[in-house]
Amino acid sequence: MLKREKLERNVMEIVNTDLLVPNDHLLRQIDGSVDFTRIYDLVEELYCPDNGRPSVDPVVLFKMVLIQHLYGIRSLRQTVKDIEMNIAYRWFLGYTLNEPIPHFATISYNFKQRYTPQTVEQIFTWILYEAERAGYLKPEVVFIDATHIKANANLKKKVKKAIPTAARVYEQQLRQEINADRKAHGKKPFDDDDSSGSPKEKILTQSTTDPESGVFHKGEHKQCFAYSAHTVCDRHNFVLEVEVTAGNVHDSVVFDTVYEKVTQRYPQIQVITADAGYKTPWICKRIFDDGRVPSLPYKRPVTKKGNHEWYKYVYDEYYDQILCPEYKPLSYCTTNRYGYREYKSRSYRCEKCPTWERCVGNRSGQKTVTRHVWQDYLERAEDVRHSPLGKETYALRSQTIERVFADAKEKYAMRYTPYRGLDQVSNWVRLKFAAMNLKKLAMWKFKASSSFLSSLHFFLFYIKNPVSFV
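All the letters of the sequence shown, read from the start, carry residue numbers 1 to 470 under full-length UniProt numbering.
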């Protein structure tokens, strides 16, 4: 039988919004997982205590931004529109159905002008502290990697600019190692005073729209301006630290900054798991010297196609020589400024070599093989790679850090940033990861409480009806 429903639109009702939100709704889980009044303590000093107009509740502002990141809404304008129409969003903010929602410009202004990067960092740290207090963090093994975020900049609007080359944190230590190695081989040490020369510069492509972004081009991807989010997570996919840089900064360059922050916060870290981009002599040395273990993959050496394989050149530690595939020695020549020892062959021996074309292949008739002064640390990292610990931890990358990046881009709209400038993009990324951590914390707490209640109901039922279980 056909039934026609009445269009009851212009109807006034008295409703309880708390009854309209399901008990297992995500926002209800989040609201019960942490005490949001903690935000008042973090931002109190940013407001005037006795002057000015009453402000919008800072907890409401942060909750609105959390809604944006939790549900992957691309803009604050759209976030406000969705909140106006969604009962669960209004319930989460504590707003009635008829109460006006704060304007999106108010949220934008506060996060650009009032709340500093330190404020966002405190919010991020507070959520991590709640997860640690609940016992969900497992920072003994951490995973480090970087992902690129497309910048809000047109690739056609660019200029070429010369910028000074940034000094690496380990340059002074490496120079001391190089000079000590040269002295041991009877060579004159390099002059440590490089101030007389002009500073080194490099030419980069800079965006006129967002100068703090960098050109990113990887594989077959389209070239674009981007930012890099260098991220650390634990075994349970909680993001422990993130550092945002321009898209043209290599992963290994930012490692020291990220490593120092995460190890200071979690000194119990034992294993650092990363991809081949972090497999450098300095990174391996620093991790081993700190009493930790690097879990790194195989890194293919850069060799010319058709030549002898790299492993056929064997280092003889006793005689400090390199043995070539034809069992001829390559003697030590010098240690260059980049920290590599150079071992060279005798040209009169190479002229009669049956595999000369696969080995030398140049007009000088002399083969040169290099070996870093910190090569021993790379070899120790190779031993870890073949160990059960290295195989087990590196196999978890696809379930941890790669899963974090996949979820952030697919579910939380992190492929493209609508903001410009390093500070704004950093705050945006950190708040996004804070929302992801908070969601995981809330879901785990809700699951644990549900399991406890189920066990309690079963126990009470068993006490009342013991005969039915006999």
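Using N, Cα and C, we set each Cβ at its ideal position, and we do this for glycine too.
Bear in mind that the values here come from a model prediction, so they are computed numbers and not experimental data.
Taking only the alpha-carbon atoms, compute the straight-line gap between residue i and residue j and give it to the nearest angstrom.
i           : j    : result
R265        : E241 : 9 angstroms
C350        : R175 : 33 angstroms
residue 486 : Y315 : Nothing can be reported for residue 486, as the shown portion of the chain is limited to 1 through 470.
L20         : K285 : 58 angstroms
Y377        : E342 : 18 angstroms
R133        : V34  : 11 angstroms
K447        : L66  : 21 angstroms
S450        : A153 : 47 angstroms
E382        : I144 : 18 angstroms
T334        : A435 : 53 angstroms
L128        : Q399 : 20 angstroms
T17         : R9   : 18 angstroms
M12         : D31  : 29 angstroms
G214        : D407 : 24 angstroms
T208        : T417 : 17 angstroms
R126        : I39  : The residue you asked about is not Arg; residue 126 is Trp in the sequence shown. C-alpha separation (whole angstroms): 9 angstroms.
A274        : G94  : 43 angstroms
Residues in the same chain with beta-carbon distance under 7 angstroms from residue i, minus the five sequence neighbours each way, listed in chain order, please.
i    : result
A131 : L137, F238, N437 and L441
E392 : none
E117 : Correcting the residue identity first, residue 117 is Pro in this sequence and not Glu. So the list reads D423, S426 and N427, once near-sequence residues are dropped.
Tell me whether residue i is buried or exposed, calling it buried when 16 or more other Cβ atoms sit within 10 Å of its Cβ.
i    : result
V159 : exposed
V120 : buried
H233 : Sequence inspection shows Cys at residue 233; the His mentioned does not correspond to that position. Classification of C233: buried, given that the 10 Å Cβ count is 16 or more.
L2   : exposed
K432 : buried
I401 : buried
P164 : exposed
Y298 : exposed
D251 : buried
P139 : buried
S387 : exposed
Q268 : exposed
K445 : buried
A359 : The sequence shown places Cys at residue 359, rather than the Ala named in the question. The residue in question, C359, is buried, as its Cβ has 16 or more Cβ neighbours within 10 Å.
Q206 : buried
Y419 : buried
S195 : Unreliable placement is indicated for S195, whose pLDDT of 47 sits below 50; the coordinate value is still reported in the next sentence. With fewer than 16 Cβ atoms within 10 Å of its Cβ, S195 is classed as exposed.
Q113 : exposed
Y348 : exposed
V384 : buried
A226 : buried
D68  : Here residue 68 is Gln; the residue named in the question, Asp, does not match the sequence. Q68 should be labelled buried.
Using a Cβ-Cβ cut-off of 8 angstroms, state whether residue i counts as contacting chain D.
i   : result
L97 : Protein chains in the displayed structure number just one, and chain D is not present.
Check residue i in the structure and name its three-state DSSP category.
i           : result
Q223        : coil
T370        : strand
R341        : strand
S195        : The predicted model places S195 with a pLDDT of 47, which falls under 50 and marks its position as unreliable; any figure quoted below should be read in that light. Reduced to three states, the DSSP call for S195 is coil.
residue 511 : Within the shown structure, residues of the chain are numbered from 1 to 470, placing residue 511 beyond reach of any answer.
Q399        : helix
S426        : helix
C48         : coil
Y298        : coil
V215        : strand
residue 471 : One cannot answer for residue 471 here, as it falls past the ends of the chain, which runs 1 to 470.
K202        : strand
So, for residue i: in the same chain, excluding its five sequence neighbours on each side, which residues have a beta-carbon less than 6 angstroms away from its beta-carbon?
i    : result
A413 : G72 and R74
P102 : V56
W282 : Y170
T147 : A229 and F405
V80  : I101 and F104
E124 : As written in the sequence, residue 124 is Phe, which differs from the Glu given in the question. Answer for F124: R430 and A434, listed in chain order.
L456 : Residue confidence is low: L456 scores 49 on pLDDT, short of 50, so the model does not pin down where it sits. Its coordinate-derived value is still stated next. So the list is empty, once near-sequence residues are dropped.
In chain order, what residues of the same chain have a beta carbon less than 8 angstroms from the beta carbon of residue i, not counting five sequence neighbours either side?
i    : result
G421 : D210 and E212
Nearest to residue i by alpha carbon, out of the options?
i    : options                   : result
Y109 : E357, I30, N179 and V56   : V56
K63  : F143, K439 and E8         : K439
P345 : V254, L128, C324 and H372 : Per the sequence shown, the amino acid found at residue 345 is Ser instead of Pro. Among V254, L128, C324 and H372, the Cα nearest to that of S345 is on C324.
E243 : N336, V373, V258 and N98  : V258
T106 : T245, P139 and P58        : P58
F92  : Q29, C48 and R300         : Q29
V43  : N10, F111, L70 and P22    : F111
Q172 : S426, F190 and K183       : F190
N23  : D50, A88 and I39          : A88
T280 : L296, K6 and G291         : L296
Y338 : D407, V384 and D181       : D181
F288 : E177, L396 and Q375       : Q375
E410 : I39, I149 and E45         : I149
G291 : Y278, G277, A276 and I272 : I272
K367 : P329, Q78, T37 and L46    : P329
P354 : A151, N98, E326 and N248  : E326
V60  : L70, L46 and T37          : T37
Could you tell me if the beta carbon of residue i falls within a distance shorter than 7 angstroms of some heavy atom in the ligand GTP?
i   : result
P54 : The ligand GTP is not part of the structure shown, which contains no ligands of any sort.
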